[in-house]
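Undergrad:
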Amino acid sequence: MAVAAAKQDALAARIAGLSFAPGGWLGAARAGALARLSAMGLPGKRDEYWRYTDPSTLTVAAAPKAALFKADDEPMTFHGIDRLKLVFVDGVFDPAQSDDPAMAGVEIERLGDAGARDIHWAQGLYGVLEARGQQPVERPLATLNSAFASDGVLIRATGKAARPVSLIYHHASEVSDAILHHCVKVEDGAEITILENGPAAARFNKVMEVEVAKGGRFHHIRSQGRDHERRAVTHIFARLAEGALFKSFTLTANGVLTRNEAVIELAGDDAVAHVAGAAVGDGNFHHDDTVFVTHAGQRCESRQVFKKVLKNGAVGVFQGKILVKQGAQKTDGYQISQSLLLDGDSQFLAKPELEIYADDVKCSHGSTSGAIDETALFYLRSRGVPMRQAQGLLVLAFLAEAIAEIEDEAIAEDIRARLEGWLARHDH
Amino acid sequence: MTGQKMLEIKNLHVKLEEEDKQILKGVNLSIGAGEVHAIMGPNGSGKSTLSYVLSGRDGYEVTDGSATLDGAELLEMEPEERAAAGLFLAFQYPVEIPGVGNMTFLRTALNAQRKARGEAEVSAGDFLKLVREKAKTLKIDADMLKRPVNVGFSGGEKKRNEILQMAMLEPRMCILDETDSGLDVDAMKLVSEGVNALRSAGRSFLVITHYQRLLDHIKPDVVHIMAAGRIIKTGGPELALEVENNGYADLLAEVV
Ligand SMILES: Nc1ncnc2c1ncn2[C@@H]1O[C@H](COP(=O)(O)OP(=O)(O)OP(=O)(O)O)[C@@H](O)[C@H]1O
Ligand SMILES: [Mg+2]
Numbered sequence: 001m002a003v004a005a006a007k008q009d010a011l012a013a014r015i016a017g018l019s020f021a022p023g024g025w026l027g028a029a030r031a032g033a034l035a036r037l038s039a040m041g042l043p044g045k046r047d048e049y050w051r052y053t054d055p056s057t058l059t060v061a062a063a064p065k066a067a068l069f070k071a072d073d074e075p076m077t078f079h080g081i082d083r084l085k086l087v088f089v090d091g092v093f094d095p096a097q098s099d100d101p102a103m104a105g106v107e108i109e110r111l112g113d114a115g116a117r118d119i120h121w122a123q124g125l126y127g128v129l130e131a132r133g134q135q136p137v138e139r140p141l142a143t144l145n146s147a148f149a150s151d152g153v154l155i156r157a158t159g160k161a162a163r164p165v166s167l168i169y170h171h172a173s174e175v176s177d178a179i180l181h182h183c184v185k186v187e188d189g190a191e192i193t194i195l196e197n198g199p200a201a202a203r204f205n206k207v208m209e210v211e212v213a214k215g216g217r218f219h220h221i222r223s224q225g226r227d228h229e230r231r232a233v234t235h236i237f238a239r240l241a242e243g244a245l246f247k248s249f250t251l252t253a254n255g256v257l258t259r260n261e262a263v264i265e266l267a268g269d270d271a272v273a274h275v276a277g278a279a280v281g282d283g284n285f286h287h288d289d290t291v292f293v294t295h296a297g298q299r300c301e302s303r304q305v306f307k308k309v310l311k312n313g314a315v316g317v318f319q320g321k322i323l324v325k326q327g328a329q330k331t332d333g334y335q336i337s338q339s340l341l342l343d344g345d346s347q348f349l350a351k352p353e354l355e356i357y358a359d360d361v362k363c364s365h366g367s368t369s370g371a372i373d374e375t376a377l378f379y380l381r382s383r384g385v386p387m388r389q390a391q392g393l394l395v396l397a398f399l400a401e402a403i404a405e406i407e408d409e410a411i412a413e414d415i416r417a418r419l420e421g422w423l424a425r426h427d428h
Numbered sequence: 001m002t003g004q005k006m007l008e009i010k011n012l013h014v015k016l017e018e019e020d021k022q023i024l025k026g027v028n029l030s031i032g033a034g035e036v037h038a039i040m041g042p043n044g045s046g047k048s049t050l051s052y053v054l055s056g057r058d059g060y061e062v063t064d065g066s067a068t069l070d071g072a073e074l075l076e077m078e079p080e081e082r083a084a085a086g087l088f089l090a091f092q093y094p095v096e097i098p099g100v101g102n103m104t105f106l107r108t109a110l111n112a113q114r115k116a117r118g119e120a121e122v123s124a125g126d127f128l129k130l131v132r133e134k135a136k137t138l139k140i141d142a143d144m145l146k147r148p149v150n151v152g153f154s155g156g157e158k159k160r161n162e163i164l165q166m167a168m169l170e171p172r173m174c175i176l177d178e179t180d181s182g183l184d185v186d187a188m189k190l191v192s193e194g195v196n197a198l199r200s201a202g203r204s205f206l207v208i209t210h211y212q213r214l215l216d217h218i219k220p221d222v223v224h225i226m227a228a229g230r231i232i233k234t235g236g237p238e239l240a241l242e243v244e245n246n247g248y249a250d251l252l253a254e255v256v
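Residue numbers (the numbering used here), protein chains in the order written: chain A, 1 to 428; chain B, 1 to 256.
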């Protein structure tokens, strides 16, 4: 398929300054990705899949400047959680700030070192799930990532990981343009929790490919916030075998532009995938959750729970699809996307979709947009709860269904505390 | 005998904010400390409106008159300030709040009121003990305490939950808006006992009801009849019996 010349030019400009080390299995995977990318070109705002979000600042050659995060009294997410820390500064792994990656039940390799080594399990994963995720909708920014990622980690869980693996991002340069690519393989019956947080770069492109084998359990809790001028595009590509569990929750606070895509394939029977997001935006905030769940196995369950609280002209987008393939009988699919608009200036755009080719399935989806419930607010105030506190309670209550997707109560509590902090700081 | 009244409503006129509709047309009512007053009256006469205006709900405009609690002008306070000052309304239709646990709600409310009055917060342990004890007497089980506020509660459970809040918050001026509607006979007894247990020299009640039965359990000192936005008659408990037996027709005829 010929790609318009303009798109080709844009792609050439975008990748002009990027390079990758050829050779080895990783070099081959990168070369393959580059070939696919060249055939696709970069996304433009005319593309249907980018109808609600303008990708131009994600695709221009140089990253737009973004002010650095200024530390304050507010603790960073997960600060009290016992975890194995891996730190990336502007998209480059920093061993000095990181913990020793040795941990029972888990193998961790740095992507930067992996190319030269024969890491068998990663070869079947790097760029592979991303490539599978290009059907039926193209996601060129993920392919760009596979071709040019500057660093990342390869994580293989072989048993029950003793502690969560925490990927911590630091933003050090106002013009940093980071591309990180992580692969996670959860072997049969193994279990791992991956945490992600911290301002990563002025512009951040991140891909995480997750393969969960039979009966494996994968938990992911991510917090995007504190870097107000962030531009980020992230993709999670997941594939689940029989009886596997995948749970991902994202808290997004502020950021000029954030597009989080999740592409999940329930390949085996009896697998469970839950993706959830709680986003809070004030002012110059554009947040886009784009989710594509494919049911191929039988008796699988999927849940998409996305909640956004928007004020002062913030914009929230949700594009969510459940595709039930022929033969995926007894599928249980659920999708809800809701926004709480704290004023008349904010906007929520939702495109929920169902496409079903099996006859014995249960699928539901709903999307709503509304203001704070005045009756509930009065009820709380009539019991003595001051206005601001009552509003805060109702905002947290609105987000509760998404936060409930976090299984670990200490982590959920930490996320609630971050949200309370945000609400207090963004009290008008 | 005079002393200060707990609640004093004078010539209260209220219209809807959005519409040109007058609902309260000069309500006068005064309740002394420790007294129990009942208000009866036909549907739509303005009983709930009076309770909402006293507790500070939006949507109403006071065009004339005043209402004071212990001498302080109520109508100028925010709803939360009225609560901290000791006013409590048991809603005719208690509100469901998905996502907010009943316990969190109770504790937040209690501590917010204490904070507003300059008192120390109640510790988690003391709170738990207190709420369990009060819930038990109202036959509210642990599950109901854990669930989101009023969500999935039956009509009667919601009303009992209102009384639980009242028992926890220990207000000085309690307004009960049709707390008896939707209650079965046993629940009516439970709720009445809950209310009677709170009766004291320093606490007053305004009980809005359609039925004499509740007043058999909660014996009022004074009964008022409200019609078309006014108190048209005030008397003793016998007035409630008269309504029960004859309806409102005779009373309405008297004033016209
Ligand atoms: N927000 C509102 N919008 C429109 N009409 C209202 C509003 N609030 C009250 N009213 C009207 O005011 C009148 C009094 O209502 P209110 O609820 O106070 O009556 P009530 O005496 O409590 O009746 P009931 O015994 O049925 O509970 C009714 O005609 C009602 O329809
Ligand atoms: Mg009423």
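For each residue, glycine too, the CB sits at the ideal point set by N, CA and C.
Quick one: is the Cβ of B:LYS158 within less than 7 Å of any heavy atom of ligand 2?
TA: As a first step, residue 158 of chain B must be located in the second sequence, where it is residue number 158. Every heavy atom of ligand 2 is 7 Å or more from the Cβ of B:LYS158, so no.
Undergrad: Excluding sequence positions up to five away, which residues of its chain have a Cβ less than 8 Å from the Cβ of A:ASP373?
TA: Here residue 373 of chain A refers to the residue found at position 373 of the first sequence. If we look at A:ASP373 and ignore the five residues flanking it on each side, its Cβ neighbours are LEU394.
Undergrad: Whole angstroms is fine: what's the gap from B:LEU169's alpha carbon to A:VAL324's?
TA: Position 169 of the second sequence, counted from the start, is the residue given in the question as residue 169 of chain B. Position 324 of the first sequence, counted from the start, is the residue given in the question as residue 324 of chain A. Distance between the alpha carbons of B:LEU169 and A:VAL324: 52 Å.
Undergrad: Whole angstroms are fine: how far does the CA of A:GLY283 sit from the CA of B:THR2?
TA: Counted from its first residue, the second sequence places residue 2 of chain B at position 2. Counted from its first residue, the first sequence places residue 283 of chain A at position 283. For B:THR2, the pLDDT reaches just 48, beneath the cut-off of 50, and the residue's location in the model is therefore unreliable, leaving the point undetermined.
Undergrad: Give me the pocket residues for ligand 2, defined as CB within less than 7 Å of any heavy atom, sorted by chain position.
TA: B:LYS47, B:SER48, B:GLN92, B:ASP177, B:GLU178 and B:ILE208
Undergrad: Given 7 Å as the limit, tell me if B:ILE271 has its C-beta closer than that to any heavy atom belonging to ligand 1.
TA: There is simply no residue 271 of chain B to check, as chain B begins at 1 and stops at 256 in what is shown.
Undergrad: Jot down the residue ranges of each uninterrupted alpha helix (DSSP H) in the segment 240 to 328 of chain A, minimum 4 residues, whole runs only, in chain order.
TA: none
Undergrad: Using a threshold of 8 Å, state whether the C-beta atoms of A:ILE155 and A:VAL184 are closer than that.
TA: Residue numbering aside, residue 155 of chain A sits at position 155 when the first sequence is read from its first letter. Residue numbering aside, residue 184 of chain A sits at position 184 when the first sequence is read from its first letter. Contact: yes.
Undergrad: Checking the sheet assignment: what are the DSSP bridge partners for A:TYR334?
TA: What you label residue 334 of chain A is simply residue 334 of the first sequence in a count that begins at 1. A:ARG303 and A:SER364.
Undergrad: Please list the partners that B:LEU89 has in chain A, where partner means a Cβ-to-Cβ separation under 8 Å.
TA: As a position in the second sequence, residue 89 of chain B is number 89, starting the count at 1. What B:LEU89 touches in chain A: SER382.
Undergrad: Quick one: what's got a C-beta closer than 6 Å to B:LEU214's C-beta in the same chain, skipping five residues either side?
TA: Your numbering for residue 214 of chain B matches position 214 in the second sequence. Only ASP180 meet the Cβ criterion.
Undergrad: Within 7 Å: the Cβ of B:LEU16 and any heavy atom of ligand 1?
TA: Locating residue 16 of chain B in the second sequence gives position 16, where the first residue counts as 1. Yes, since a heavy atom of ligand 1 falls inside the 7 Å radius drawn around the Cβ of B:LEU16.
Undergrad: Buried or exposed for A:ARG83, please, with buried defined as at least 16 other CB atoms from any protein chain shown within 10 angstroms of its CB.
TA: Residue mapping note: residue 83 of chain A aligns to position 83 of the first sequence, counting from 1. Buried.
Undergrad: By Cβ distance, which residues of its chain are closer than 6 Å to A:ALA142, with the 5 residues on each side in sequence left out?
TA: Within the first sequence, the letter at position 142 stands for residue 142 of chain A. Excluding sequence neighbours, A:ALA142 sits near GLU130, VAL207 and HIS235.
Undergrad: Taking Cβ-Cβ distances shorter than 9 Å, what residues in chain B pair up with A:ALA400?
TA: Sequence index remark: in the first sequence, residue 400 of chain A carries index 400 (1-based). Result: PRO98, GLY99, VAL100 and PRO148.
Undergrad: Sort A:VAL165, A:ASP269, A:LEU257 and A:GLN326 by Cα distance to A:ALA314 and report the nearest one.
TA: Within the first sequence, numbered from 1, the residue matching residue 314 of chain A stands at position 314. When each option's Cα is compared against that of A:ALA314, the closest is A:LEU257.
Undergrad: Of all the options A:THR158, A:MET40 and A:SER98, which has the alpha carbon lying nearest to the alpha carbon of A:ALA104?
TA: Residue numbering aside, residue 104 of chain A sits at position 104 when the first sequence is read from its first letter. Nearest C-alpha to A:ALA104: A:THR158.
Undergrad: When burial is assigned at 16 or more other CB atoms within 10 Å of the CB, is A:HIS79 buried or exposed?
TA: Along the first sequence, read from residue 1 onward, the residue named residue 79 of chain A stands at position 79. Exposed.
Undergrad: Taking all protein chains shown into account, do 16 or more other C-beta atoms lie within 10 angstroms of the C-beta of B:ASP126, making it buried, or fewer, making it exposed?
TA: Here the question's residue 126 of chain B lines up with position 126 in the second sequence. It counts as exposed.
Undergrad: What in chain A is Cβ-close to B:VAL195, meaning under 9 Å?
TA: Residue numbering aside, residue 195 of chain B sits at position 195 when the second sequence is read from its first letter. Simply none; closest approach about 18 Å.
Undergrad: Please classify A:VAL165 as buried or exposed, where buried requires at least 16 neighbouring CB atoms within 10 angstroms.
TA: By 1-based counting over the first sequence, the position of residue 165 of chain A is 165. With 16 or more other Cβ atoms within 10 Å, it is buried.
Undergrad: Please list the partners that B:ALA109 has in chain A, where partner means a Cβ-to-Cβ separation under 7 Å.
TA: Here the question's residue 109 of chain B lines up with position 109 in the second sequence. Result: ARG383, GLY384 and VAL385.
Undergrad: Classify A:MET387: buried if its beta carbon has 16 or more other beta carbons within 10 angstroms, exposed otherwise.
TA: Start at 1 with the first residue of the first sequence, and residue 387 of chain A comes out as number 387. That one is exposed.
Undergrad: Using beta carbons (cut-off 8 Å, strictly below), is B:ASP58 in contact with chain A?
TA: Translated into the one-based positions of the second sequence, residue 58 of chain B becomes position 58. The C-beta of B:ASP58 comes closer than 8 Å to at least one C-beta of chain A.
Undergrad: Around the C-beta of A:GLN338, are 16 or more other C-beta atoms found within 10 angstroms, so that it is buried, or is it exposed?
TA: Position 338 of the first sequence, counted from the start, is the residue given in the question as residue 338 of chain A. When all chains shown are included, A:GLN338 counts as buried.
Undergrad: Within the chosen definition, does the segment 225 to 234 of chain A reach the segment 18 to 25 of chain B through at least 3 CB pairs nearer than 8 Å?
TA: no
Undergrad: Drop a sphere of 10 angstroms on the beta-carbon of A:TYR357, count the other beta-carbons inside from all chains shown, and report buried for 16 or more, exposed for fewer.
TA: Start at 1 with the first residue of the first sequence, and residue 357 of chain A comes out as number 357. With fewer than 16 Cβ atoms within 10 Å of its Cβ, A:TYR357 is classed as exposed.
Undergrad: Which whole-angstrom value is the C-beta distance of A:GLY112 and A:ASP151, which I expect to be below 8 Å?
TA: By 1-based counting over the first sequence, the position of residue 112 of chain A is 112. By 1-based counting over the first sequence, the position of residue 151 of chain A is 151. Contact holds; Cβ gap of about 5 Å.
Undergrad: Keeping to the same chain, check which residues put their C-beta closer than 7 Å to that of A:ALA16; ignore five residues upstream and five downstream.
TA: The residue you call residue 16 of chain A lines up with position 16 of the first sequence. If we look at A:ALA16 and ignore the five residues flanking it on each side, its Cβ neighbours are ALA61.
Undergrad: Considering only the beta carbon of each residue, do A:GLY384 and B:GLU80 sit closer than 8 Å?
TA: Taking the first sequence and counting its residues from 1, the one referred to as residue 384 of chain A is at position 384. Taking the second sequence and counting its residues from 1, the one referred to as residue 80 of chain B is at position 80. Contact: yes.
Undergrad: According to the Cβ coordinates, are B:GLU238 and B:ASN150 closer than 8 Å?
TA: Start at 1 with the first residue of the second sequence, and residue 238 of chain B comes out as number 238. Start at 1 with the first residue of the second sequence, and residue 150 of chain B comes out as number 150. In this structure, B:ASN150 does not lie closer than 8 Å to B:GLU238 by Cβ.
Undergrad: Under the rule that 16 or more other beta-carbon atoms within 10 Å means buried, what is B:ASN43, buried or exposed?
TA: Residue mapping note: residue 43 of chain B aligns to position 43 of the second sequence, counting from 1. The residue in question, B:ASN43, is exposed, as its Cβ has fewer than 16 Cβ neighbours within 10 Å.
Undergrad: Three-state secondary structure (DSSP) at A:LEU26?
TA: For this step, residue 26 of chain A is matched to residue 26 along the first sequence. Residue state, collapsed to three classes: helix.
Undergrad: Suppose the cutoff is 7 Å on Cβ atoms and the five residues either side in sequence are ignored; what does the same chain contact list for A:TRP121 look like?
TA: On the first sequence, position 121 is the one that residue 121 of chain A refers to. ARG156 and LYS185.
Undergrad: Could you tell me whether the Cβ atoms of A:ILE411 and A:ILE194 are closer together than 8 Å?
TA: Taking the first sequence and counting its residues from 1, one reaches residue 411 of chain A at position 411. Taking the first sequence and counting its residues from 1, one reaches residue 194 of chain A at position 194. No, these two residues do not count as a Cβ contact at 8 Å.
Undergrad: Mapping DSSP to helix, strand and coil, what is A:SER382?
TA: The count along the first sequence starts at 1 and reaches residue 382 of chain A at position 382. Of the three classes helix, strand and coil, the one that applies to A:SER382 here is helix, per DSSP.
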